[in-house]
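Heads up, the thing below is written out as structure tokens.
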Amino acid sequence: MAESNRIYDGKIIKVRVDKVQINGRQTIREIVEHNGSAAILPLIGNMIIMEKQYRHAINKELYEIPAGTLEKGESPEECAARELVEETGYKAGRLEFLGKCYMTPGYCTELIHFFLATDLQEVKEHEMDDDEQLTIVKVSIDDAVKMILNGEIQDAKTVCAILTYKSKV
């Protein structure tokens, strides 16, 4: 890399512009730096605890699994446990690592860690982030796969987690 300049330093992301050599030619790459995140597939029996959440960037609601950004010094498993309680009001008796993947590696460093959450217990009091607008929905695993195939579930992390889980059971 010939040069790298940070052009934005936000709460969740940072953005840098890199000058790089590719195939002997200099080009520019705009990179979104992200601390990484954890996404949780919470199951009660064969039912997934999902969220229908408004996403401003695309101006619509999406079906999603709970997820959140890693806080400084936090492990992916700690993040998963925290986000599950914050977003759904459930605490996992068991968290099992399912895998990890980069969602948009062409321009973003975010690595998402996926966890299966089972033995769920409802927590009486939980606090969502002030900027979150979501509704909890329960969807069977088979219906979730159908929703992926017919385009109702369009969130990449949710598709990845559900299909990864289905491939392992």
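So for the sequence shown, the working numbering puts the first residue at 1; every next one is plus one. For each residue, glycine too, the CB sits at the ideal point set by N, CA and C. All values derive from a computational prediction rather than experimental measurement.
If you reduce the DSSP assignment to three classes, tell me which class residue i lands in.
i	result
P105	coil
K19	strand
D9	strand
A2	coil
Taking just the CA atoms, how far does residue j sit from residue i?
i	j	result
L152	G24	The sequence shown places Glu at residue 152, not Leu. Near 43 Å, if we compare the C-alpha coordinates of G24 and E152.
I49	L120	10 Å
M47	S75	27 Å
I40	K138	14 Å
E33	T109	5 Å
R16	G45	44 Å
Q21	I7	20 Å
T27	I112	28 Å
A161	E3	36 Å
With 16 as the cutoff for other CB atoms within 10 Å, does residue i come out buried or exposed?
i	result
V123	exposed
L149	exposed
D179	No information on residue 179 is available, as it lies outside the stretch 1 to 169 that the chain covers here.
Check your understanding: Which runs of the alpha helix (DSSP H), 4 residues or longer, sit entirely within the region 50 to 136?
Key -> For the region 50 to 136, whole alpha helix (DSSP H) runs of length 4 or above, ordered along the chain, are 76 to 88.
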